[in-house]
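A.B. asks:
2 protein chains.
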Amino acid sequence: MSKKGIFIPIEVSARHLHLSAAHYNKLFGEKAKMHLLRPVSQPGQFVTRETVAISTKKGSFSQVRIVGPCRPQTQFELTKTDARSLGIDPPLKRSGLVPQQGETLILKGPQGLVRLRGGAIIAQRHIHASTQDARKYGLKKNKIVRIEVSGERGGVFENVIVRVHPKFKWAFHLDTDEANAFGISGNTKGRLL
Amino acid sequence: MSKKGIFIPIEVSARHLHLSAAHYNKLFGEKAKMHLLRPVSQPGQFVTRETVAISTKKGSFSQVRIVGPCRPQTQFELTKTDARSLGIDPPLKRSGLVPQQGETLILKGPQGLVRLRGGAIIAQRHIHASTQDARKYGLKKNKIVRIEVSGERGGVFENVIVRVHPKFKWAFHLDTDEANAFGISGNTKGRLL
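In order, the protein sequences belong to chains A and B. Numbered by this note's numbering, the letters in the first sequence go through residues 138 to 330 in order. Numbered by this note's numbering, the letters in the second sequence go through residues 138 to 330 in order.
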């Protein structure tokens with residue numbers, strides 16, 4: 138099948154935090170639950186009403202969104218622009234790969250503090266594909282592809298990694314730096330090259 | 138000549154302000170001069186020791202760099218990320234093309250205020266080429282080219298405009314959003330496609 142016509146809806150991630158259950162309870166209280174603010178596009182995931190303040194010696198963000206449910210490890214996904222304002226230099230990684238080394242972040246919730254060492258990443262550009270869509274478009278898990286975005290600030294994103302899961306929704310994920318650099322907003326689609 | 142081997146040093150512009158002489162004097166005083174902090178790469182241009190606070194109803198930057206010397210018209214060049222934090226939506230334009238419409242910015246200096254309407258732009262990606270380099274590489278003024286940047290966040294920038302002037306220094310100019318989105322720092326070069 139020609140890839141000429143394969144367009145993928147673009148979704149833009151702003152900085153957000155995934156929390157372990159232990160850290161969630163430390164920040165929000167022993168028996169605290171997460172409260173849904175709105176679902177995000179990947180099934181079962183949601184933004185919580187709760188937010189966390191994250192700070193370093195150099196800077197801070199007062200209301201960082203949490204994406205639930207809880208995960209095995211706490212991870213802060215941020216942009217390079219965010220990282221500069223915090224004075225940190227996190228690695229580029231796939232969401233879910235949590236570096237154990239790195240600068241210390243202070244997470245502050247209404248009930249407590251967490252000192253997190255090395256949990257920050259800049260997320261690698263990626264495609265979410267369901268097992269079915271991956272088969273349909275000839276994409277394999279962890280394959281690296283290129284995506285073109287048109288427009289007055291258009292171009293090509295290289296090194297886009299394919300992630301496959303039965304429940305994933307077809308989407309091309311960028312962070313706000315990447316979206317801003319390419320003038321992406323609203324219902325933009327990327328073309329698989 | 139093959140373009141395979143044409144590499145252009147990348148230079149990254151953070152938000153900055155060009156001021157008319159009238160506005161400079163209003164902000165810094167009737168007889169105030171500009172004081173050099175450091176030269177920038179394009180000959181005759183420099184960052185001043187003086188800075189300006191710029192604000193909108195929604196946000197502000199306390200110490201915006203001025204790039205001198207004075208120009209016929211005041212212009213604020215910022216990133217899309219900056220624009221979002223100020224709550225404004227400036228057009229993408231070539232530096233020097235000043236929109237007369239747009240949201241109002243308040244510029245504040247030690248001696249006065251300027252209310253600026255419509256002077257903000259997001260700068261279009263561009264190449265600076267001397268007349269000699271333009272001839273050498275077969276580039277014409279206002280031609281649109283594509284530039285590839287390699288690396289783990291690499292890709293291709295399209296819609297790059299060529300600017301030619303006898304005094305220009307060979308450089309590919311991006312803003313901080315574009316540089317952050319592509320993981321560009323230090324001595325990176327782009328390849329003309």
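We treat Cβ as the ideally placed atom computed from N, Cα and C, and that holds for glycine.
1) Within the chosen definition, does the stretch 312-327 of chain B reach the stretch 310-320 of chain A through at least 3 CB pairs nearer than 8 Å?
2) I need the straight-line Cα distance from residue 307 of chain B to residue 144 of chain B, nearest angstrom please.
3) Consider the Cβ of residue 290 of chain B: report whether some Cβ of chain A lies at a distance smaller than 8 Å.
4) Give the secondary structure of residue 222 of chain A by DSSP, where H, G and I count as helix, E and B as strand, and everything else as coil.
5) Please list, in chain order, the chain B residues whose beta carbon lies closer than 7 Å to that of residue 315 of chain A.
6) Would you tell me roughly how many angstroms separate the C-alpha atoms of residue 171 of chain B and residue 203 of chain B, rounded to the nearest one?
7) When DSSP labels each residue in this structure, what does residue 329 of chain A get in the three-state scheme?
8) Look up residue 208 of chain A in the DSSP assignment and say whether it is helix, strand or coil.
9) With 16 other CB atoms within 10 Å as the buried threshold, where does residue 279 of chain A fall?
10) What are the partner residues of residue 285 of chain B, as DSSP defines its beta bridges?
11) Residue 293 of chain B touches chain A at which residues, Cβ-Cβ below 7 Å?
12) Between which two residues does the beta strand (DSSP E) containing residue 276 of chain A stretch?
13) So, do the stretch 281-297 of chain B and the stretch 239-257 of chain B have three or more beta carbon pairs nearer to each other than 8 Å?
14) Mind checking who residue 230 of chain A pairs with in its DSSP beta bridge?
15) Does residue 279 of chain B come within less than 8 Å of chain A when only Cβ atoms are used?
16) Need the endpoints of the alpha helix (DSSP H) that residue 163 of chain A sits in, please.
17) Please report the straight-line C-alpha distance between residue 331 of chain A and residue 221 of chain B, rounded to a whole angstrom.
18) Is there at least one Cβ from chain A nearer than 8 Å to residue 296 of chain B's Cβ?
19) So, is residue 187 of chain A buried or exposed, given that buried needs 16 or more other C-beta atoms within 10 angstroms?
20) Going along the chain, which residues of its own chain have a beta-carbon closer than 8 Å to the beta-carbon of residue 277 of chain B, five neighbours each way excluded?
21) Measuring only between beta-carbons, confirm whether residue 276 of chain A sits less than 8 Å from chain B.
22) Would you check if the distance between the CB atom of residue 195 of chain A and the CB atom of residue 224 of chain A is smaller than 8 Å?
23) If you follow the beta strand (DSSP E) that residue 313 of chain A is in, where does it begin and where does it stop?
24) Would you mind stating whether residue 154 of chain B and residue 193 of chain B have Cβ atoms separated by less than 8 Å?
25) Within the continuous beta strand (DSSP E) that includes residue 194 of chain B, where are the two ends?
26) Going by DSSP, what residues sit across from residue 178 of chain B in a beta bridge?
27) Return no unless some Cβ of chain B is closer than 8 Å to the Cβ of residue 244 of chain A.
28) List the whole-angstrom C-beta distance separating residue 261 of chain B from residue 231 of chain B, where the pair is believed to meet the contact cut-off of C-beta under 8 Å.
29) If you reduce the DSSP assignment to three classes, tell me which class residue 248 of chain B lands in.
30) In the DSSP assignment, find the unbroken beta strand (DSSP E) run with residue 235 of chain A in it and report its ends.
31) From the DSSP output, read off the bridge partner residues of residue 214 of chain B.
32) Short of 7 Å in beta carbon distance, which residues of its chain neighbour residue 252 of chain A, apart from the five on each side in sequence? Order them along the chain.
33) Spatial neighbours of residue 138 of chain B within its chain, please: CB distance less than 6 Å, with the 5 preceding and 5 following residues excluded, ordered by chain position.
34) So, residue 150 of chain B versus residue 209 of chain B, is the Cβ gap smaller than 8 Å?
35) For the stretch 203-236 of chain A, list every residue whose C-beta sits within 8 Å of some C-beta in chain B, in sequence order.
C.D. replies: The short version:
1) yes
2) Taking the straight line from one Cα to the other gives about 10 Å.
3) It does; some Cβ of chain A falls within 8 Å.
4) Secondary structure of residue 222 of chain A (DSSP, three-state): helix.
5) 318
6) 9 Å
7) strand
8) coil
9) exposed
10) B:293 and B:328
11) 292 and 293
12) No beta strand (DSSP E) contains residue 276 of chain A, which DSSP labels as neither H nor E.
13) Result no; under three Cβ-Cβ pairs closer than 8 Å.
14) A:260
15) no
16) 158-165
17) Outside the displayed span of chain A (138 to 330) sits residue 331 of chain A, for which this structure offers no information.
18) Interface residue (Cβ-Cβ distance to chain A less than 8 Å): residue 296 of chain B is classified as such.
19) buried
20) 271, 299 and 301
21) Taking Cβ atoms only, chain B never reaches closer than 8 Å to residue 276 of chain A, which makes this a no.
22) Yes. Within cutoff.
23) Premise fails: residue 313 of chain A lies in the alpha helix (DSSP H), 313-318, not in any beta strand (DSSP E).
24) No, the Cβ-Cβ distance between residue 154 of chain B and residue 193 of chain B is not below 8 Å.
25) That residue, residue 194 of chain B, is in no beta strand (DSSP E); it is neither H nor E in DSSP.
26) According to DSSP, residue 178 of chain B bridges with nothing at all.
27) no
28) 5 Å
29) coil
30) No beta strand (DSSP E) contains residue 235 of chain A, which DSSP labels as neither H nor E.
31) B:153 and B:258
32) 241 and 243
33) Note that residue 138 of chain B scores a pLDDT of 42, beneath 50, so its modelled location is shaky; the value from the coordinates is reported in the next line. None.
34) no
35) 216, 217, 218, 221 and 229
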